[in-house]
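Protein chains in written order, with this note's numbering: chain A, -2 to 266; chain X, 2 to 333.
Don't be surprised by glycine CBs; every beta carbon is placed ideally from N, CA and C.
In this text the structure is predicted, and so the values were computed from the model without any measurement.
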């Protein structure tokens, strides 16, 4: 699942339209829009709102094999042109001084920048960093559920010393919309990484079927998980294996059978 | 492909850092306070990061020279290791670094002079006795040579200390900088080899066996002491014939009489490293093989290990003088 995290509807709108996400009417805590392997959550302004929304949505996605995150929003900068899109490579929380580093795992031609997250709005422009109000809360929370490679922040300049458009919602949407193709390319790269991670996990249905064959202690479950992940990733057909294992009625016999299959398979390297 | 450069603010003006930045000037640059901020956090995926690692330019504050782990080395009495880098350019599936570090980024330390001072002090503590300094424990000694210029500093340093010996452990072919210098008798370049099957399946990004033999041969011809390391030997159905072929390939080109040392050891990892790496690569046959836990180390069952080592030792002895052989002893 790729999760878009936006503070405002005007930032999320172009993403919702581009991917044709549909509003969920089942939840009330946050506005959430769903699509295929993707959702967008509108968090409200500020790092606390962003952190709370990330934790809330991650808990609702706990059955997903892997979560990838993009925090998309506008930011201020001293000199950069309005509408410029940046991938953030360092996030500093202005209040705590804590730094976070989204890992640069997606190959990109986008410009990179640091971003300082403020607790209150400011028009004090700094030369060497963008500033926003959500990124540190977003990453603090998202890193509890995903690795730094799957946690990205994209910022579009809405304000600089010469022009301020951050409070004009329609203009903000236009700025995001103008970058939607670049944003999509970044998202596609992140989805590919997410799929690499998810593909290594055990499908929930075959795991449940396996567990139903016998009573496994926690230690046996741990061993079983290693063996099942290996064989699943070596393209052994899970239903064929399950049929073979059905003849055994003890946990140790099932594990011994899977070990023998693994040992034979792995001898070729 | 390197994705970006992190640099500790404190080393920004260090001459070695400036050289590195010049070389890496096209990459995004991120200033940090300490390399641990980027290198150590838990929420990192080594496997994903390895696809596009970053370079971290840093200062090593303490512990530049450390006592070598038990059993590491060539049988000398005083063994130490040092790492001017953390992590490796290559991606060998059996390597413990994947389990030791959270991050696949490559840390380059620039304060060579502090390493040099500790090497001098350590050697002085064991005056008149040989002291071995192993490079290439946490990295490949030579793989990043065009960037690190490691040999330019450390070879003259070790040469200047009477009782110091240094091993450069490598899978690379980066010997050009060494060939520009006069050979030094107490500096051994040790080339690691696995058989062709293990090389193809497990040593991603490592130069071919032939190219490494060629690099070895050039060093020997120039008068440098050179060693061979068959560690780890990995089990597979055809390991015997593959090992025989590897020895043929090497000793067709290399005069065994000119080798400084040869060592051999079977695949093994600490339990923690094995668990971490097998979680990262659940589809990897190496970690699905029949293994035993012995004193905190995961390795082949004793009878298989004995069979492998006996076979490989016998084959090796057909080629090398016995006195150059040093088995890797790790059982307690």
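Counting C-beta atoms within 10 angstroms of its own C-beta, residue 24 of chain A has fewer than 16 neighbours from the protein chains shown and is therefore classed as exposed.
By the CB criterion at 9 Å, residue 93 of chain A and residue 119 of chain A fall outside the cutoff. Within the DSSP secondary-structure output, residue 30 of chain X pairs in a beta bridge with X:6. Annotation: the continuous alpha helix (DSSP H) that includes residue 12 of chain A extends over 6 to 15. When secondary structure is reduced to three states using DSSP, residue 135 of chain A falls in the helix class. Contact of residue 89 of chain X with chain A by beta-carbon distance below 9 Å is absent, the smallest such distance being about 18 Å. Cβ neighbours of residue 43 of chain A within its own chain (closer than 6 Å, five residues either side excluded): 130. Counting along the chain, residue 72 of chain X sits inside no alpha helix (DSSP H), nor does DSSP assign it H or E at all. Here residue 323 of chain X carries a helix assignment [DSSP, helix/strand/coil]. Contact between residue 69 of chain A and residue 8 of chain A holds: their C-beta atoms lie close to 6 Å from each other, under 8 Å.
In the three-state DSSP reduction, residue 298 of chain X falls in the strand class (E or B). Rounded to the nearest angstrom, the Cβ distance from residue 57 of chain X to residue 107 of chain X is 7 Å, consistent with a contact under 8 Å. For residue 262 of chain A, same chain residues with a beta-carbon under 7 Å away, outside a window of 5 residues either side, are 231 in chain order. One alpha carbon belongs to residue 67 of chain X, the other to residue 199 of chain X, and they sit about 31 Å apart. DSSP places residue 89 of chain X in the coil class of the three-state scheme, outside both helix and strand.
Per DSSP, residue 100 of chain X lies in no beta strand (DSSP E) segment; the continuous alpha helix (DSSP H) that holds it begins and ends at 98 to 101. When DSSP assignments are scanned along the segment 166 to 240 of chain X, the uninterrupted stretches of beta strand (DSSP E) that are 3 or more residues long and fall wholly within it turn out to be 188 to 193 and 227 to 234. At a beta-carbon threshold of 7 Å, none of the residues of chain A lie near residue 207 of chain X; the nearest stands roughly 15 Å away.
Counting along the chain, residue 202 of chain A sits inside the alpha helix (DSSP H) bounded by residues 201 to 208. Chain order gives the chain A residues near residue 238 of chain X as 264 and 265, where near means a beta carbon separation below 7 Å.
Closest in C-alpha terms to residue 171 of chain X, from the list X:152, X:248, X:143 and X:164, comes X:143. DSSP links residue 46 of chain X through a beta bridge to no other residue. A straight-line Cα-Cα distance of about 20 Å links residue 187 of chain A and residue 71 of chain A.
Straight through space, the alpha carbons of residue 255 of chain A and residue 28 of chain A are spaced by roughly 46 Å. The beta carbon of residue 41 of chain A sits closer than 7 Å to the beta carbons of 4 from its chain, once the five residues preceding and following it are set aside; these are given in chain order.
In terms of beta-carbon proximity, residue 11 of chain X stays away from the interface with chain A, with every pair separated by 9 Å or more. Residue 99 of chain A sits in coil when the DSSP states are folded into three classes, being neither helix nor strand. Bridge pairing for residue 157 of chain A: absent [DSSP].
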